[in-house]
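**Q** The numbers in the sequence shown follow our numbering, run straight up by one, and end at 637.
Even glycine gets a Cβ: it sits at the ideal position worked out from N, Cα and C.
One structure, pasted below without further comment.
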Amino acid sequence: MLLTGLLLLAQCTTGGDDDPAPSGDDGASEEAAPEDEAPPCEATPEAARDLDAGAAPFDAAGAITASFGCVQQVVAVPADQPASAAVAAPLAVELGAPLLIGDEAGLAATLAELGDPEVRHLEPAPGTSDDADTGDAGTDGATGEATDGEGEPADDIAAADPTETDGDTATDDPDAGATEPAGAVDLATALEVADELGTDRFVAADADRPEDLTAAAAVAIRTSAAVLPVAVDGPAPELPEGSEVVAVGDLGDLLPDAETVDEPWELDDGADRALVIDPTDPNAPSAVVLATQRGDTVVPAPNGDLLGRGTVQLVRDADLDTDQLVAVGEFDGDLDGDLTLLVEAPLLPGGTLRHFDGTRMVAMYGKPGAPVLGVLGEQDLEASFDRVRDISAGYDADGRDVVPGFEVIATVASAEAGDDGKYSRVTPPEEFRELVDRAAEEDVQVILDLQPGRNHFLDQAKIYEDLLREPHVGLALDPEWRLEDDQVHLRQIGSVDAAEVQEVIDWYAELARDAGVAEKLLVLHQFRVDMLPDRDILEVPREVAVIIHMDGQGPQGMKLETWGVLTSGAEDRWHWAWKNFYDEDPVVAEPSYILDLDPEVVLVTYQ
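What follows is the structure, encoded as structure tokens:
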């Protein structure tokens, strides 16, 4: 990223240095202004107009023109220079000027709406100092300042690149001098801006990571600092003695003394409006500047994801309401619906709106009161909470937070046909109510597991509809125990086709929407391909998180082989789960072994 100086592109005033002096009898009196002359623009950031919450999203320029009738000046940067935009952001705030991003032609309409203000432009330096392009302009050999060829400072060129070669310098590379390492040029520009801001504090960020640059701009504005874009594969920046530097993101060893800003986004819960932005959007720094000038706060939604964990935590901590949220930029999906979920949807265990958003689940499998069916039945309910947390130890080693869980066998495969001839014993939902309610208090996920025999999965799922409406209660389908009408358990391994699973998914998604839950968990057990042979034709709506659970038992080598078969060619369509058997596995896999599996395991169950 080649950044040089600040360039005054245009100045919209009523006169200039070459204007003749007003005439009069004594040469001293001014002419009266015509009565129809437009008054000067008086708009200031404090006079910002309101933005409508819940409306269609504003683009950055639209939000600016909706906020200000006119302005005295703007700061503009090219659309393809995210580091320039970040560097320019605190300067725009200092000047009380909106930050516009784009070329002159693209910004013309916006500038006209703002009253044709003065424009200050931060732009890349020329690649060379070729005399054919720059005339006699060059640099003063002593000071490095841009000159007009006669030793006087140049007004309308970018500050010269100190590493440029003379136009007559020979080189074997025709492109030599056309580009410059981002770190060196960005440093020169950052120092210029810091000098204008009167600060020796810098917020550093990777010049190739727009989301970090936008966050750095927000921190710099908040702390009266300048932004320092750096190239992580370039040289360490050389800053003036006494400079203070903090860093957003991982900058390796470039700035060993810089403290990392762990929480770059701080929301002001006293603000009337919160501008929701995607920090990866090229126009995001413009919205950060606008929010500051309006007295608003900023909600970052990385990659346009309004339901991401960090966004949710910020909004909930600031106690923001939907009528305070104004989307600026492009967002996919149902914007109003997602903003409502962001504010109102119940949180899942772990404090997220979606499963496995920075979390991993570790669950005990079985049925309370039935130790033969798994470890969940080997102790009472209160002891189960303690045991599942003990089992979860070590599963956070890669940085994911661990969510404890219970996978409860709700319908049990039976050797007897039963009164209905379906080979499945159904536990009444009310028998699980105490467990479900206590799990909510303990922030524990519950998964209701179905072993349907000759029943359809959907018929059994509907039995537990009231429990499944709870945000922390998920559903598991176990095809091993799904029989055809001429089959019985333990003589055949059951299976299910995608059409039957699709019916469950569609019903489940509608239940989630009706309950106001952002996402429901659906576990599909599988240890043979033919248990769910056509799973890849499943269509999964965003309200359902599907996880394929490899629940085979035996030696680790055999289980790993099964894992490879089931995950092959999945193309990241699914989340993945692994089961440990205390009795049937000769060696129970340790957390470190499971965390090394590919694809990543986000659910581990113990039976």
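In whole angstroms, what separates the C-alpha of residue 496 from that of residue 374?
**A** 20 Å
**Q** Please give the ranges of any alpha helix (DSSP H) in the segment 293-322, keeping only runs that are unbroken, at least 4 residues long and fully inside the region.
**A** none
**Q** On the DSSP letters alone, give me the boundaries of the alpha helix (DSSP H) that residue 623 sits inside.
**A** Note, residue 623: alpha helix (DSSP H), 621-625.
**Q** Please return the same chain residues whose Cβ sits closer than 8 Å to the Cβ of residue 584, not counting the five positions on each side in sequence.
**A** 614, 615, 616
**Q** Just the C-alpha distance for residue 338 and residue 383, rounded to the nearest angstrom, thanks.
**A** 7 Å
**Q** Quick one: complete alpha helix (DSSP H) runs, 4+ long, within the segment 462-538?
**A** Qualifying alpha helix (DSSP H) stretches, in chain order: 463-472, 487-493, 495-498.
**Q** Quick one, which of 515, 519, 309 has its alpha-carbon nearest residue 508's?
**A** 519
**Q** Quick one: what does DSSP say residue 81 is sitting in, helix, strand or coil?
**A** coil
**Q** By how many angstroms is the C-alpha of residue 318 removed from the C-alpha of residue 242?
**A** 13 Å
**Q** How many Å lie between residue 591 and residue 550 at the Cα?
**A** 30 Å
**Q** Enumerated in chain order, which unbroken segments of the alpha helix (DSSP H) with a length of 4 residues or greater are wholly contained in the segment 569-635?
**A** Look at the segment 569-635 and you find these whole runs of alpha helix (DSSP H), each 4 residues long or longer: 586-597, 621-625.
**Q** Count the other C-beta atoms from every protein chain shown that fall within 10 angstroms of the C-beta of residue 446, then say buried if there are 16 or more, exposed otherwise.
**A** exposed
**Q** Are the CB atoms of residue 323 and residue 126 within a distance shorter than 9 Å?
**A** yes
**Q** Rounded C-beta distance between residue 94 and residue 109? I'm assuming under 8 Å.
**A** Actually they do not touch by this definition, with Cβ atoms about 15 Å apart.
**Q** Check this for me: beta carbons of residue 261 and residue 116, under 9 Å apart or not?
**A** It is not a contact, given that the beta carbons lie outside the stated cut-off.
**Q** Since residue 103 contacts residue 150 with CB under 8 Å, what's their CB separation in whole angstroms?
**A** 6 Å
**Q** Below 8 Å CB to CB, which residues in the same chain sit around residue 438 once its five sequence neighbours on both sides are set aside?
**A** So the list reads 396, 397, 398, 406, 462, 465, 476, 477, 478, 479, once near-sequence residues are dropped.
**Q** Tell me where the beta strand (DSSP E) around residue 435 begins and ends.
**A** For residue 435, the enclosing beta strand (DSSP E) begins and ends at 431-443.
**Q** Can you list, in chain order, the residues of its chain whose CB lies under 7 Å from that of residue 200, leaving out five sequence neighbours each side?
**A** Its pLDDT being 36, under 50, residue 200 is placed unreliably in this model, and the value from its coordinates should be taken loosely. Result list for residue 200: empty, nothing under 7 Å.
**Q** Under 8 Å by Cβ, that's how I've got residue 220 and residue 256 pegged, so tell me the actual separation to the nearest angstrom.
**A** 6 Å
**Q** Shortest alpha-carbon distance to residue 424 belongs to which of 415, 414, 390, 404?
**A** Of the candidates 415, 414, 390, 404, the one whose C-alpha sits nearest the C-alpha of residue 424 is 390.
**Q** Given a cut-off of 9 Å, decide if residue 474 and residue 432 are closer than it, judged by their beta-carbon atoms.
**A** No.
**Q** Going by alpha carbons, who is nearest to residue 140 out of 105, 152, 121, 118?
**A** Nearest C-alpha to residue 140: 105.
**Q** Excluding the 5 residues flanking residue 526 on each side, which residues of the same chain have their C-beta closer than 8 Å to its C-beta?
**A** 487, 507, 509, 512, 561, 562
**Q** Only counting the same chain, and skipping five residues up and downstream in sequence, which positions put a Cβ closer than 7 Å to that of residue 401?
**A** 407, 408
**Q** Inspect the beta-carbon positions of residue 557 and residue 581 and report whether they are closer than 9 Å.
**A** yes
**Q** Got a sec? Which residues, its chain only, sit under 7 Å from residue 620 by beta carbon, not counting five neighbours each side?
**A** none
**Q** State yes or no: is the C-beta of residue 217 within less than 9 Å of the C-beta of residue 269?
**A** yes
**Q** Quick check: the segment 296-307 against the segment 335-349, are there 3 or more CB pairs under 8 Å?
**A** Touching, yes, given that three or more Cβ pairs across the two stretches are closer than 8 Å.
**Q** Identify the residues that DSSP records as bridge partners of residue 103: which are they?
**A** 148
**Q** Cutting at 6 Å between CB atoms, please list the residues of its own chain near residue 164, excluding the five before and the five after it.
**A** Note on residue 164: pLDDT 32, under 50, position unreliable in the model; no value is reported.
**Q** Can you tell me which of the three DSSP states residue 278 falls into?
**A** strand
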